[in-house]
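Engineer: Let me begin by handing over the structure; questions about it come next.
There are 2 protein chains.
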Amino acid sequence: MSNELQALSSILDPDQISFTDADRHERSVDWGTSEENGVPPDVVVWPESTADVAAVLSWANEERIPVTPYAAGTSLEGNAVPLEKGISLDMNRMDEIYEIRPDNLQVDVGPGIYGDEINEAVGKQGLILPSLPSSGKISTIGGMLANDASGMKTVKYGEVADWLLEVEAVLPTGKVITAGSKATKTSSGYNLLDLLVGSEGTLGVITRATLQLAGRPEQVWGGRATFSALGDAADAIFDTIRSGVDVAKIELIDSISAEMANASLDTGLSNSPMVFLEFHANHNIEAEVEFCRTIFEAHDVTEFAVAESGPEMTDLWEARRELADAVDPFDPDLSSLTPGDVTVPISEYPEMVRYVKELGEEYDFLIPCFGHAGDGNLHYFVMVDVEDQEMVAKGEQISKQIVEKAIKMNGTATGEHGVGIGKQDYLASEHGDAAVEAMRSIKKALDPNGILNPGKVLPEP
Amino acid sequence: MSNELQALSSILDPDQISFTDADRHERSVDWGTSEENGVPPDVVVWPESTADVAAVLSWANEERIPVTPYAAGTSLEGNAVPLEKGISLDMNRMDEIYEIRPDNLQVDVGPGIYGDEINEAVGKQGLILPSLPSSGKISTIGGMLANDASGMKTVKYGEVADWLLEVEAVLPTGKVITAGSKATKTSSGYNLLDLLVGSEGTLGVITRATLQLAGRPEQVWGGRATFSALGDAADAIFDTIRSGVDVAKIELIDSISAEMANASLDTGLSNSPMVFLEFHANHNIEAEVEFCRTIFEAHDVTEFAVAESGPEMTDLWEARRELADAVDPFDPDLSSLTPGDVTVPISEYPEMVRYVKELGEEYDFLIPCFGHAGDGNLHYFVMVDVEDQEMVAKGEQISKQIVEKAIKMNGTATGEHGVGIGKQDYLASEHGDAAVEAMRSIKKALDPNGILNPGKVLPEP
């Protein structure tokens with residue numbers, strides 16, 4: 001195919017094209033997969049404009065060459081990893097802030113900009129993009145939207161895409177569309193905007209996004225609550241959400257996660273289940289914090305410490321903030337399978353957490369649990385010795401059981417990481433065959449030659 | 001076709017089928033159109049279950065018979081009016097509350113239930129479905145979702161569909177799918193849920209909806225502000241939204257609307273522009289009201305009266321609440337063209353309002369304006385003598401100019417009424433040809449024989 005790909009040089013400048021092994025291999029793996037899950041693309045290209053993206057897709061569509069959009073590579077389910085070689089379309093150079101419109105609380109950005117960079121820019125005008133994943137510093141807005149990402153603050157502010165008003169996008173045929181509206185509401189035509197969101201770059205490539213912003217809250221308080229029993233912590237979270245307490249973050253970690261964080265950070269804390277909280281308000285934040293404390297006390301909280309935004313609050317959050325980095329060093333023989341991401345209706349959350357703990361005990365596996373508990377979103381690491389094939393197979397079986405349990409509870413296989421390669425097996429059991437068939441017909445309608453991110457989201461028919 | 005349609009009696013019971021003129025003609029007209037816009041269907045059927053809907057659609061798809069979903073008939077753009085005879089699928093009998101799950105703040109309902117009926121049922125458990133259109137008493141949840149409806153409380157609570165978690169729906173081929181998830185967030189598969197929302201019954205028929213609920217706010221205050229100049233009122237609204245004041249409703253009426261309401265209700269108020277406000281909170285509502293008052297005072301408000309929920313608040317809201325009924329009696333010679341529904345980014349709202357007033361003055365037309373100003377949504381009635389063809393033509397030209405102005409301001413032809421028949425001419429100028437082409441390909445993918453609500457939303461190619 002390499003000769004054929006030389007034609008790219010008539011579309012892009014030489015510094016926008018690379019055939020080097022290093023560039024190709026870097027884009028054959030994301031944070032959730034080992035290299036075997038993908039293959040290196042034949043070529044990496046860096047579009048610098050919508051016209052570049054349109055030209056590449058239009059040509060690739062004519063030539064039937066697979067194109068896999070790529071950005072920061074932080075996806076966890078192989079979402080951006082080529083399965084059929086071809087072109088890796090690296091969006092990192094389209095990282096501009098085009099315009100901030102403070103009067104409308106709106107910003108227009110390129111897809112390759114990191115989430116935190118948006119907040120730095122709009123922050124100068126007292127504005128925030130409220131909902132970003134924890135990886136906002138290292139993941140791009142285009143990737144977040146394509147994967148329908150969310151994060152800690154989703155419990156108050158919704159998903160990232162709940163702040164999306166309009167996109168410009170290039171369809172697999174190379175045609176450029178706008179979807180959505182800069183008006184904050186519209187009922188005009190089919191909702192192509194939310195169809196592109198979460199389609200993981202299989203239906204189109206976002207080249208510009210208009211995001212709604214909010215004013216920065218005047219008061220931010222946060223802290224930590226500790227429990228003797230995980231069930232009490234989960235029940236306290238359930239009651240908090242059900243009571244309508246206005247929490248901006250409500251995060252759970254189990255005792256194994258606590259042990260990992262405590263070991264890594266030397267916190268001096270007990271290895272107990274903990275809940276991390278944050279509150280945002282423009283006035284009277286104490287009332288909300290005290291309302292929450294009352295609920296937690298009814299569930300035998302052993303410590304409830306909340307502080308104003310500042311060093312003390314930062315300290316209280318340390319174990320949660322640094323948790324991801326504490327998992328791998330905990331036991332040098334063990335590392336995690338692809339992190340789990342099930343989400344269930346909030347009333348099922350305590351049972352979901354208990355189920356994962358019981359599986360760990362039953363099979364004697366280390367499965368630290370944590371997550372965006374206020375949304376019913378549970379993350380977990382099934383820890384295995386990757387050299388031990390039997391253990392890996394058993395671990396994968398446990399992961400499967402957890403996802404199947406979540407689906408049985410009216411939950412979802414993936415709350416925020418997307419389907420990619422890793423969750424395709426659950427698509428039909430979660431949505432039904434007819435829904436998957438409808439998704440497939442939409443893919444076929446918009447990408448008749450199947451060139452855009454082939455092999456992702458939809459399982460083989 | 002009538003003989004062919006007799007086959008319906010093998011699918012449905014006799015009392016689910018009607019060929020009478022009265023039943024057929026009732027469904028050839030909605031609230032926004034005169035009878036000439038639609039044609040009477042050949043037959044009206046009342047499905048009573050998902051299986052009924054699936055059987056009718058499956059058969060109609062085989063036989064290539066047009067099917068137009070219908071519910072309360074309150075749509076304004078001909079959305080539910082047949083253009084090609086065939087079957088009117090009346091969803092009114094599927095009006096059950098299937099289950100309320102207070103632990104998850106969720107309710108499952110049939111599509112034919114009225115919005116206010118849902119709130120009556122869940123209200124017994126202290127819960128609310130917060131966002132409904134003003135027509136919640138007389139319009140069905142299925143129709144609201146199909147049209148992507150919103151209303152007065154959208155400024156705080158979003159659109160009706162922002163509270164939709166999952167639907168069961170029947171595709172044009174008769175296949176039954178579920179879309180969305182009972183988990184409050186998911187990134188699994190293409191977002192068929194929001195594709196069905198706003199598709200105006202052209203892509204599928206919703207047969208069951210799972211809605212998210214909220215706790216009833218403990219404090220509700222509301223009232224009225226009066227201004228000498230419309231520009232001041234619009235500017236005050238703009239500053240209120242930009243400042244992040246937590247308003248639950250913020251409605252504008254111009255002096256002509258005020259005159260109509262005052263004449264009809266004998267309010268004793270001056271014929272001045274007015275803004276109607278509502279605030280919802282669990283504590284400390286006074287702070288928000290006073291914050292708002294300060295902003296309004298900076299824009300020369302002449303009266304600012306707010307009261308706790310009760311008779312006084314009800315009184316303050318009277319002119320806005322009764323406005324729709326006051327328009328037609330105002331001048332017996334005049335009646336309104338299809339009500340306008342443009343929405344623009346909030347910074348353009350004052351200019352949009354001024355533009356409509358100037359057009360009215362320029363052409364000496366009575367054009368009362370009002371609307372959900374906090375969303376940038378402006379409604380207006382272009383008043384004409386329907387016997388005067390020249391005046392009607394001129395009025396339609398004015399309506400067109402208003403919509404084109406909104407689109408030029410990055411706004412939308414329709415904020416909440418949908419496209420139906422009446423707004424198809426603007427689809428391409430608002431979204432671009434490529435986006436309309438993409439919509440058309442999705443319609444073709446899901447409805448290959450074009451049987452479901454044909455002629456709606458998408459203009460002829």
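Protein sequences, first through last, are from chains P and A.
Using full-length UniProt numbering, the first residue of the first sequence is number 1, and each one after it goes up by one.
Using full-length UniProt numbering, the first residue of the second sequence is number 1, and each one after it goes up by one.
Here a beta-carbon is modelled for each residue, glycine too, at the ideal position from N, C-alpha and C.
Just so it is clear, the structure is predicted and the values come from calculations on it, not from any experiment.
1) Should N37 of chain P and V81 of chain P be called a contact, given that it needs their Cβ atoms to be closer than 8 angstroms?
2) Compare the Cα-Cα distances from V386 of chain P to each of P:G395, P:P111 and P:A161 and report the closest residue.
3) Threshold first: 4 residues or longer. Then list the alpha helix (DSSP H) segments lying entirely within the segment 198-243 of chain A, N to C.
4) Listing by chain order, which chain P residues have their CB less than 8 angstroms from the CB of E416 of chain A?
5) Given a cut-off of 8 angstroms on the beta-carbon distance, is the pair S187 of chain A and G198 of chain P in contact?
6) Starting from the beta carbon of V344 of chain A, find every residue of chain P whose beta carbon is closer than 8 angstroms, and list them in chain order.
7) At 9 angstroms on the CB atoms, spell out the chain C contacts of D447 of chain A, in chain order.
8) So for F296 of chain P, helix, strand or coil by DSSP?
9) So if DSSP puts P69 of chain A in a beta bridge, which residue, or which two residues, is it bridged to?
10) Should G418 of chain P and S150 of chain P be called a contact, given that it needs their Cβ atoms to be closer than 8 angstroms?
11) Output needed in chain order: residues of the segment 426-440 of chain A with a Cβ under 8 angstroms from some Cβ in chain P.
12) Taking only three categories from DSSP, how would you classify L193 of chain A?
13) Go to R354 of chain P, then tell me how far its beta strand (DSSP E) extends in each direction, as first and last residue.
14) Are there three or more Cβ pairs, one per stretch, closer than 8 angstroms when the segment 92-112 of chain P is compared with the segment 212-225 of chain P?
15) For Q106 of chain P, does the three-state DSSP call read helix, strand or coil?
16) Run down chain A in chain order and give the residues with a C-beta less than 9 angstroms from the C-beta of S135 of chain P.
17) Return yes when the C-beta of N453 of chain A is under 7 angstroms from any heavy atom of the ligand FAD, and no when it is not.
18) Along chain A, which residues have their Cβ under 9 angstroms away from the Cβ of I442 of chain P?
19) Between the C-alpha atoms of A281 of chain P and Q219 of chain P, what's the straight-line distance to the nearest angstrom?
20) DSSP three-state call for M1 of chain P: helix, strand or coil?
21) Where do the ends of the alpha helix (DSSP H) carrying residue 475 of chain A lie?
22) For A55 of chain P, collect the residues of the same chain with a Cβ closer than 6 angstroms to its Cβ; drop the 5 residues on either side in sequence, then sort them by chain order.
23) Starting from I295 of chain P, find everything on chain A with Cβ-Cβ shorter than 7 angstroms and list it in chain order.
24) Is it the case that the segment 442-449 of chain P contacts the segment 448-458 of chain A, given that we only count it when at least three CB pairs across the two stretches are under 8 angstroms?
25) Would the segment 327-336 of chain P and the segment 228-244 of chain P be scored as touching if the rule is three or more Cβ pairs under 8 angstroms?
26) Can you tell me the Cα-Cα spacing of M1 of chain P and D42 of chain P, whole angstroms?
27) Given that G455 of chain A touches chain P, what residues does it touch there, using C-beta distances under 9 angstroms?
28) Just the Cα atoms here: how many angstroms apart are G78 of chain A and V29 of chain A?
29) Beta-carbon of T178 of chain A versus every beta-carbon of chain P: anything under 8 angstroms?
30) Can you tell me where the alpha helix (DSSP H) with A450 of chain A in it begins and where it stops?
31) Would L213 of chain P count as contacting chain A if we go by Cβ distances under 8 angstroms?
32) Can you name the residues that DSSP bridges to F381 of chain A?
33) By the 7 angstroms beta-carbon criterion, what residues does the segment 60-90 of chain A contribute toward chain P?
34) Would you call the CB atoms of A60 of chain A and I87 of chain A closer than 8 angstroms?
35) Sorted by chain position, which residues of the same chain lie with C-beta nearer than 7 angstroms to M94 of chain P's C-beta, five sequence neighbours on each side aside?
36) What are the partner residues of H280 of chain A, as DSSP defines its beta bridges?
Structural biologist: In brief:
1) yes
2) P:G395
3) 230-242
4) K185 and S187
5) yes
6) A183
7) Note that chain C does not occur in the displayed structure, where the protein chains are P and A.
8) helix
9) A:L89
10) no
11) Y426, L427, E430, H431, G432, A434, A435, V436, E437, A438 and M439
12) helix
13) Note, R354 of chain P: premise wrong, no beta strand (DSSP E); alpha helix (DSSP H) at Y349 to Y363.
14) yes
15) strand
16) Under the 9 angstroms cutoff, chain A gives no residues; its nearest Cβ is about 14 angstroms from S135 of chain P.
17) Questions concerning the ligand FAD fall outside what the structure shown contains, since it holds no ligand whatsoever.
18) Y190, L192, L195, S441, I442, A445 and L446
19) 5 angstroms
20) The predicted position of M1 of chain P is uncertain, since its pLDDT is 48 and thus under 50; a value taken from the coordinates is nonetheless stated next. Residue state, collapsed to three classes: coil.
21) Nothing about residue 475 of chain A can be read from this structure; chain A reaches only from 1 to 461.
22) I11
23) Ordered by position in chain A, no residue passes the 7 angstroms Cβ test against I295 of chain P, which lies about 13 angstroms from the chain.
24) no
25) no
26) Here M1 of chain P scores only 48 on pLDDT, less than 50, and its place in the model should not be relied on; the value that follows carries that caveat. Roughly 8 angstroms between the two C-alpha positions.
27) Result: empty, since nearest Cβ-Cβ is about 15 angstroms, beyond 9 angstroms.
28) 7 angstroms
29) yes
30) This sequence places Gly at residue 450 of chain A; Ala is not what is there. Taken as a continuous stretch (DSSP letters only), G450 of chain A belongs to no alpha helix (DSSP H), as it is neither H nor E.
31) no
32) None, per the DSSP bridge assignment.
33) none
34) yes
35) P47, E48, G110, P111, G112 and T207
36) A:V220
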